[in-house]
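Asks: One rule links them: number in the numbering used here = place in the sequence shown (from 1) + 47.
Using N, Cα and C, we set each Cβ at its ideal position, and we do this for glycine too.
None of the values given here were measured: they were computed from a predicted structure.
Below you'll find the structure I mean.
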Amino acid sequence: METLDVDIVHSIELAVAPVFLIAGIGALLTVLTNRLGRTVDRSRALEMELMVEGAMENHPRWRSEIILLDQRISWINRAIVLSTLAMLLICLVIVTLFTGQLFRLDVGIPVSILFIMTMGALITATGSFLWEIHLAAAMIRVRTDVLQRARPVARPKVRFWKRWK
């Protein structure tokens with residue numbers, strides 16, 4: 048069996064780092080699609096509740112929740128598209144590296160441009176994901192009137208070391 052050309056071995060070594068990036072983006076896509084599924088499920092359940100219960104005007108909290116759910120779905124979709132674009136660009140980086148080695152071409156500039164585009168897409172996807180998390184956090188706030196009714200009567204705090212005296 049012939050040994051592989053040193054340049055091809057070097058190209059394979061160079062392609063390992065982008066492959067790890069693809070794996071990381073794949074994990075991010077898994078998280079995003081799970082969040083999308085849960086958000087869509089909640090919006091469908093809320094739509095059913097609104098149909099059964101009556102007009103949306105009677106439930107202002109549900110109205111604001113469904114608006115936030117719609118915004119979350121948009122931001123998650125944006126993050127998924129940008130993450131997928133980043134994955135595609137990384138694949139193009141790998142193909143460009145191997146093509147350059149195969150045809151003995153200088154591919155430094157195209158690889159650099161593709162990698163910069165990849166990072167731009169990934170940064171934007173992460174920003175979209177961060178904004179979706181912000182919207183999700185805004186949804187989980189508990190109303191103050193509910194908190195007031197739920198809180199027990201305040202009692203003095205006793206430190207754990209003073210309980211045994």
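1) In angstroms with no decimal places, state the Cα-to-Cα distance between L93 and R151.
2) Give every residue of the same chain whose Cβ lies closer than 7 Å to the Cβ of I54, excluding the five residues on either side of it in the sequence, and list them in chain order.
3) Compute the Euclidean distance between the alpha carbons of V66 and F176, then round it to the nearest angstrom.
4) When you compare only the Cα positions, how much space is there between D52 and L144?
5) Go to M182, then tell me how far its alpha helix (DSSP H) extends in each direction, as first and last residue.
6) Among the candidates W109, I72, M95, whose CA atom is the shortest distance from the CA of A126?
7) Just to confirm my understanding: we take L129, look at its own chain, exclude 5 residues before and 5 after, and list those with CB closer than 8 Å. What are they?
8) In whole angstroms, give me the CA-to-CA distance for T80 and N124.
9) Can you tell me whether M48 is helix, strand or coil according to DSSP?
10) Taking T165 and V140 to be in contact with their CB atoms under 8 Å, please state how far apart those CB atoms are, rounded to whole angstroms.
11) Quick check: the Cα distance between M134 and I69, rounded to an integer number of angstroms?
12) Is I187 buried or exposed, if buried means 16 or more other CB atoms sit within 10 Å of its CB?
13) Ordered along the chain, which non-local residues of its own chain (more than five positions away) have a Cβ less than 8 Å from that of D117?
Replies: Checking against the coordinates, here is how it stands:
1) About 59 Å.
2) The amino acid occupying residue 54 in the given sequence is Asp; Ile does not appear at that position. For D54, where only same-chain residues beyond five positions count, the Cβ hits under 7 Å are Q148.
3) 22 Å
4) 15 Å
5) Correcting the residue identity first, residue 182 is Leu in this sequence and not Met. 155-186 is the span of the alpha helix (DSSP H), which, as asked, contains L182.
6) I72
7) A168, L169, T171, A172, S175
8) 9 Å
9) Because M48 carries a pLDDT of 41, less than 50, the predicted location of this residue cannot be relied on, and the following value inherits that uncertainty. M48: coil per DSSP, three-state reduction.
10) 7 Å
11) 6 Å
12) exposed
13) S90.
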